[in-house]
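Visitor: Numbering (full-length UniProt numbering), first residue to last: 1 to 468.
Backbone N, C-alpha and C define an ideal beta-carbon position, used for all residues, glycine too.
Remember, it's a predicted structure, so these values are computed and weren't measured experimentally.
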Amino acid sequence: MITPIILAGGSGSRLWPLSRQEFPKQFLPLIGERSMLQETLQRLAPLEHTAPLLICNEEHRFLVAEQLRQLGITDARILLEPEGRNTAPAIALAALQVAEKSPETLLLVLAADHLIADEVAFHESVAQALALAKQGQLVTFGVVPFRAETGYGYIQRGEGQGDGCFRVKRFVEKPDRATAEDYLATGDYYWNSGMFLFRASRYLEELEHYQPAIVAACRAALAGASQDLDFTRMDADAFRACPADSIDYAVMERTQHASVVPLNAGWSDIGSWASLWEAREKDAQSNVTHGDVMIHEGHDLMVHASHRLVATVGVDNLVVVETTDAVLVAHKDRVQEVKRIVEQLQTEGRDEHKNHREVFRPWGVYDRIDLGSRYQVKHITVKPGAKLSVQMHHHRAEHWVVVSGTAKVTRGDETYLVSENESTYIPIGRVHSLENPGVIPLELIEVQSGSYLGEDDIVRFIDRYGRC
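(1) Which two residues bound the contiguous alpha helix (DSSP H) that contains Tyr203?
(2) DSSP beta-bridge partners for Ala407?
(3) Rounded to whole angstroms, what is the Cα-Cα separation between Thr50 and Gly153?
(4) Write down every uninterrupted run of the alpha helix (DSSP H) in the stretch 265–329 whose length is 4 residues or greater and which is fully enclosed by it, in chain order.
(5) Starting from Ile341, trace the alpha helix (DSSP H) in both directions and tell me its first and last residue.
(6) Using alpha carbons as the reference points, say which of Val403, Ile440 and His394 lies closest to Gly429.
(7) Would you give the residue range spanned by the alpha helix (DSSP H) that Glu119 belongs to?
(8) Please identify the residue among His257, Asp230, Ser404 and Cys218 whose C-alpha is closest to the C-alpha of Ala244.
(9) If you measure between the beta carbons of Glu358 and Arg368, is that distance less than 9 angstroms?
(10) Which value, in whole angstroms, describes the spacing of the CA atoms of Glu381 and Pro441?
(11) Label Gln137 either buried or exposed according to how many other C-beta atoms from any shown protein chain fall within 10 Å of its C-beta, with 16 as the threshold for buried.
(12) Note down, in chain order, each residue of its chain lying with its Cβ closer than 6 angstroms to the Cβ of Val377, except the 5 sequence neighbours on either side.
(13) Assuming Ser125 contacts Phe141 (C-beta within less than 8 angstroms), just tell me the rounded distance between them.
(14) Looking only at its own chain, which residues have a Cβ that is under 6 angstroms from the Cβ of Leu108, when we skip the five neighbours before and after it?
(15) According to the Cβ coordinates, are Val144 and Tyr190 closer than 9 angstroms?
(16) Starting from the Cα of Trp267, find the closest Cα among Glu39, Val288 and Ile295 and give me that residue.
(17) Which residue's Cα is closest to the Cα of Phe360: Phe27, Leu15 and Arg14?
(18) Among Met392, Arg254 and Ala407, which one has its Cα closest to the Cα of Ile458?
(19) What residues are listed by DSSP as bridge partners for Cys165?
(20) Rounded to a whole number of angstroms, what is the C-alpha to C-alpha distance between Val139 and Met302?
(21) Which residues in the same chain as Pro52 place their Cβ atom closer than 8 angstroms to its Cβ, once the five residues preceding and following it in sequence are excluded?
(22) Measuring straight from C-alpha to C-alpha, what distance separates Gly164 and Arg240?
(23) What residue does the beta strand (DSSP E) around Pro4 start on, and which one ends it?
(24) On a CA-only basis, which of Met252, Gly151, Thr323 and Thr232 is nearest His209? Give me that one, please.
(25) Less than 9 angstroms between the beta carbons of Ala129 and Tyr203, yes or no?
(26) Closest to Ser419 by CA distance: which of Arg61, Gly438, Arg69 and Asn192 is it?
(27) Residues in its own chain within less than 8 angstroms of Met234 by CB, not counting five upstream and five downstream?
(28) Look at the Cβ atom of Gly9, then the Cβ atom of Lys25, and state whether they are nearer than 9 angstroms.
(29) Measure the alpha-carbon distance for Gly162 versus Gly187 and round it to whole angstroms.
(30) In this structure, what does DSSP give as the bridge partners for Ser11?
(31) Quickly, what does DSSP pair Ser19 with across the bridge? List them, please.
(32) Where Glu443 and Gln346 are concerned, what is the direct C-alpha to C-alpha distance, given to the nearest angstrom?
(33) Below 9 angstroms between beta carbons: does that hold for Ala330 and Pro362?
(34) What residue range does the beta strand (DSSP E) around Gln391 cover?
(35) Between Ala216 and Ala65, what straight-line distance do the alpha-carbon atoms span, to the nearest angstrom?
(36) Going by C-alpha to C-alpha distance, which of His114, Thr255 and Val401 sits closest to Ser35?
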């Protein structure tokens, strides 16, 4: 039986400004109606498998839970990493969790943010890999290349193992253009997809052989783990002591038991705006558009409008992305450098790399409408039955105006209802909470005023989402 392991970490900085640190690309609907994570989970349906196990960081736990809920997946397990340690430790946590009850279980390791256009071909490659994995091989999936790509690592195949499978001869780093063209010409090289299939016990054996410190730290982190709602929270100190390493460096490049199965399924890691342009349907001028877009005499454009009309005149081969708080204009041949803008935002202490103007919370969402030196205005939406934490603020007061639904407000010792077109006031330092007791979303306008308006000016006393 297969247990899918979904790696749902990562920041997707090359897809800024659409992808942000707290809402990265795996949670965005970049190709269809569903997010990349949801597409990955739906892709598993034809395979015979147990409940999936997802690994993500603390910041994204409620996004993962909500997207699972939208798909009706109720039996998934979610492991929380206190901080990123790359793929080898993340997979080790999953393998240890699974091996505790069933060491011979096969782990199908997938990234949450990859595109696979031909799902039938993907399932056929998984079926090819099953026999090798059952025999104790560590199987990776090599994408059959169709161009000389310099943005991916490569896998060189060795001798055949039957049924179109091969031993791994070597892994190679991202090549220059001439080397990539040589790889393509030989037909012996595949793109490294970062997807794997192996027994839980075999991965742990090989990892223990080559990187015993990773296994030891992950065992300690799991031994000290605690259950928090739907999440398994690792012992933070133990996990932070774990060396950071990728599965390629830690195991796959060193083991004598690596096999590769060719994958010809329209795979892409959607690692940049150019790769998203390649994956999307184009018009007669090879333009890809989203939202309210007008193009006059332009070709090979990627134009994404989120909230307003975006128009281009007489330009070609550009990426233009508009969000509520940022606009990106980049030459399509240089979109890998978008991460430099993200780095500059971080260096300057700005927030545009971290959050959108619209911020998702386990209870709902808020949109930062306006911000001044001593005031901030938010449009807040609270899901039916949801409740914000019992909290207080040291530096700001809040005025709430209900525009839709009914709010149940606790302010100090009093609890009362606030209906549509009614308002209430929360003074500085007053303990309070907000709840939606109804069956429709509660919408309100919040006006904050005070000397400091940061999100860290929240002292939580009681929180149903475990954030105290």
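Guide: Working from what's here:
(1) Ala200 to Tyr210
(2) Its beta-bridge partners are Val418.
(3) 31 angstroms
(4) Runs of the alpha helix (DSSP H) spanning 4 or more residues and lying entirely within the stretch 265–329 occur at 273–279, in chain order.
(5) Val338 to Thr347
(6) His394
(7) Run containing Glu119: Glu119 to Lys134, per the alpha helix (DSSP H) assignment.
(8) Cys218
(9) yes
(10) One detail in the question is off: residue 381 reads as Thr in this sequence, not Glu. Whole-angstrom Cα-Cα distance: 6 angstroms.
(11) buried
(12) Take Val377, set aside five residues on each side of it, and the residues of its chain with a beta-carbon closer than 6 angstroms to its own are Ile369, Asp370 and Val447, in chain order.
(13) 6 angstroms
(14) Ile2, Pro4 and Leu197
(15) yes
(16) Glu39
(17) Phe27
(18) Met392
(19) Gly162
(20) 36 angstroms
(21) Thr3, Pro4, Ile5, Ile6, Leu41, Leu44, Ile73, Ala76 and Arg77
(22) 41 angstroms
(23) Looking at the DSSP string, the run of the beta strand (DSSP E) that includes Pro4 is Ile2 to Leu7.
(24) Each of Met252, Gly151, Thr323 and Thr232 was checked against the Cα of His209, and the nearest Cα belongs to Met252.
(25) no
(26) Gly438
(27) Leu79, Leu80, Glu81, Pro82, Leu93, Ala221, Leu222, Gly224 and Ala225
(28) no
(29) Approximately 17 angstroms between the Cα atoms of the pair.
(30) Looking at the DSSP output, Ser11 sits in no beta bridge, so it has no partner there.
(31) BP columns for Ser19 are empty, so no partner.
(32) Rounded to the nearest angstrom, the two C-alpha atoms are 32 angstroms apart.
(33) no
(34) Val390 to Met392
(35) 29 angstroms
(36) With respect to the C-alpha of Ser35, the residue from His114, Thr255 and Val401 having the closest C-alpha is His114.
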